[in-house]
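The structure under discussion appears below in the form of structure tokens.
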Amino acid sequence: MKLCVYEVRPDEEEMLHALEKKHEGLEIVKTGEVLNEETIALAGGCVGISTLGQSHMTRALFEKMAQMDIHAYSCRCIGTNHVDLEAAKSLGIKVANARYSPCGVADYTVMLMLMLLRRYKPALWRQQVNDYSLGGLMGRELRGMTVGVIGTGRIGLTVMQNLSGFGCKLLCNDLYKNPEAEKFGTYTDLDTIYRTCDIITLHTPLLDSTWHMINERTIGKMKKDVLLINCARGELMDIEAVTHAIENEEIGGVALDVFEKEDGIYHHDCRTDILKNRAMAYLRQFPNVIMTQHVAFYTKEAVDSMVVCGVESLLAFAKGKEYPTEIV
Ligand code: NAD
26 MKLCVYEVRP DEEEMLHALE KKHEGLEIVK TGEVLNEETI ALAGGCVGIS
76 TLGQSHMTRA LFEKMAQMDI HAYSCRCIGT NHVDLEAAKS LGIKVANARY
126 SPCGVADYTV MLMLMLLRRY KPALWRQQVN DYSLGGLMGR ELRGMTVGVI
176 GTGRIGLTVM QNLSGFGCKL LCNDLYKNPE AEKFGTYTDL DTIYRTCDII
226 TLHTPLLDST WHMINERTIG KMKKDVLLIN CARGELMDIE AVTHAIENEE
276 IGGVALDVFE KEDGIYHHDC RTDILKNRAM AYLRQFPNVI MTQHVAFYTK
326 EAVDSMVVCG VESLLAFAKG KEYPTEIV
């Protein structure tokens with residue numbers, strides 16, 4: 026049985042080889058290319074295709090897959106906003122995403138909160154030039170603060186569990202109440218979160234209803250020194266509004282592991298490229314802005330799990346079986 030795995034990173038290869046050994050007769054075509062209408066030819070003779078998040082899974086690509094008699098697709102990530110699920114469904118193509126422990130992203134989220142609170146970025150800059158002064162580095166403590174968690178799914182809930190040891194008050198919001206989250210915090214409306222929280226962290230998927238949920242209007246309701254954390258999707262924030270708020274000191278700081286229009290930049294070495302994301306280039310200069318290249322998920326445990334889900338879901342679909350991460 027042959028599968029084609031796109032966007033393969035070197036850190037995935039060990040597990041891909043291990044899976045080839047584990048499943049007799051399995052052959053995996055491995056390529057670093059993103060999947061598009063040209064590179065799809067690499068999947069000739071395969072029963073399933075897997076990608077990461079940089080391949081835009083459009084209706085046209087799913088139609089091409091169907092023409093090639095490929096009826097199984099897996100993305101080796103949690104977020105599926107790059108996948109036209111309706112198109113896959115209408116063409117009878119089964120789709121799975123990946124599942125991995127929420128701890129990596131949740132731990133990273135708390136780390137970003139602490140880095141902002143303790144002004145870690147300017148402290149690090151100073152260390153590197155032998156400037157050991159204290160001025161401007163006074164931090165704040167989590168104890169006594171109110172933290173708002175928007176989205177109490179797997180990651181948001183784990184953030185709340187993590188934070189429960191810090192002595193802060195936790196407010197949260199979701200379309201559905203999770204009884205587990207109620208052990209650590211109190212559900213409330215978004216307005217109350219915006220108006221009362223010292224730190225707000227986003228853990229919803231990117232949907233029409235969550236696109237640009239942080240914007241000029243919602244920022245206008247927030248405390249002047251609020252810290253905003255985004256380890257979910259860049260497009261949850263109107264980055265122009267966030268930039269304006271940082272420039273005008275209307276918020277205390279932001280930590281962003283994801284960024285609007287990060288595709289083609291994050292996860293690539295772009296040192297010799299002309300980058301056209303102005304907001305990204307501009308925002309990163311500020312001492313109260315921390316930006317990382319979509320790495321919150323990136324642990325050994327998570328990567329292994331993503332590869333296993335990506336490959337084993339395709340094998341299950343090809344054999345007419347179900348798989349726990351099936352979404353279409
Ligand atoms: P999840 O599906 O378990 O939880 C998402 C929660 O958001 C659900 O409880 C859902 O009801 C809630 N939600 C949906 N729309 C909402 C709205 N309008 N208002 C309030 N809540 C809403 O997902 P998860 O595993 O916790 O992941 C959350 C997001 O984190 C993913 O969708 C993905 O975009 C992002 N993510 C980022 C990284 C990274 O490396 N930075 C890694 C993994 C996931």
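Under our numbering, think of the first position of the sequence shown as 26, with each following residue one higher. Where is the CB? At the ideal position from N, CA and C, for every residue including glycine. Quick caveat: nothing in here was measured; it's all calculated off a predicted structure.
So, are the CB atoms of residue i and residue j less than 7 Å apart?
i, j, result
"Gly-70", "Lys-119", "no"
"Tyr-255", "Leu-281", "With the sequence shown as reference, residue 255 is identified as Asn, and Tyr is not the correct amino acid for it. Contact: yes."
"Ser-99", "Leu-339", "yes"
"Ile-218", "Asn-198", "yes"
"Val-172", "Leu-195", "yes"
"Arg-144", "Leu-162", "yes"
"Glu-265", "Trp-236", "no"
"Thr-229", "Gly-176", "yes"
"Ala-123", "Phe-87", "no"
"Asn-187", "Ala-131", "yes"
"Lys-114", "Ile-315", "no"
"Ala-343", "Gly-73", "yes"
"Ser-80", "Gly-335", "no"
At a cut-off of 6 Å, would you count residue i as near the ligand NAD, judging by its Cβ distance to the nearest heavy atom?
i, result
"Val-328", "no"
"His-237", "no"
"Ile-218", "no"
"Arg-258", "yes"
"Val-333", "no"
"Ile-206", "Residue 206 is actually Ala in this sequence, not Ile. It does not: the Cβ of Ala-206 is nowhere closer than 6 Å to a heavy atom of the ligand NAD."
"Val-130", "yes"
"Ser-234", "yes"
"His-209", "The residue asked about is misnamed: residue 209 is Phe in this sequence, not His. For the ligand NAD, not one heavy atom lies less than 6 Å from the Cβ of Phe-209."
"Leu-162", "no"
"Leu-253", "no"
"Leu-261", "no"
"Gly-69", "no"
"Thr-324", "no"
Between which residues of its own chain and residue i is the CB-CB distance below 7 Å, once the five residues before and five after are set aside?
i, result
"Val-328", "Asp-36, Glu-37"
"Trp-319", "Note on residue identity: the sequence assigns His, not Trp, to residue 319. Hits under 7 Å: Asp-282, Val-283, Glu-287, Tyr-291, His-292."
"Leu-182", "Asn-203, Glu-205, Ala-206"
"Met-238", "Leu-261"
Tell me, please, which residues DSSP counts as bridged to residue i.
i, result
"Thr-213", "None; Thr-213 has no bridge partner."
"Gly-278", "Leu-252"
"Ile-225", "Gly-173, Leu-253"
"Thr-76", "Cys-100"
"Asn-198", "Ile-175"
Measuring only from the beta carbon, is residue i closer than 6 Å to any heavy atom that is part of the ligand FAD?
i, result
"Asp-282", "By its list of ligands, the structure shown excludes the ligand FAD, since it contains just the ligand NAD."
Apart from the five residues just before and just after residue i, which ones in its own chain have a Cβ nearer than 6 Å to its Cβ?
i, result
"Thr-324", "Gly-129"
"Ala-85", "none"
"Gly-78", "Cys-102, His-107"
"Glu-285", "Gly-259, Glu-260, Ile-264"
Once the 5 residues before and after residue i are set aside, which same chain residues still bring their CB inside 8 Å of it?
i, result
"Val-251", "Cys-222, Asp-223, Ile-224, Ile-225, Ile-276, Gly-277"
3-residue-minimum beta strand (DSSP E) runs that sit fully inside the segment 79-129, ordered along the chain: 97-100, 119-121, all fully within the segment 79-129.
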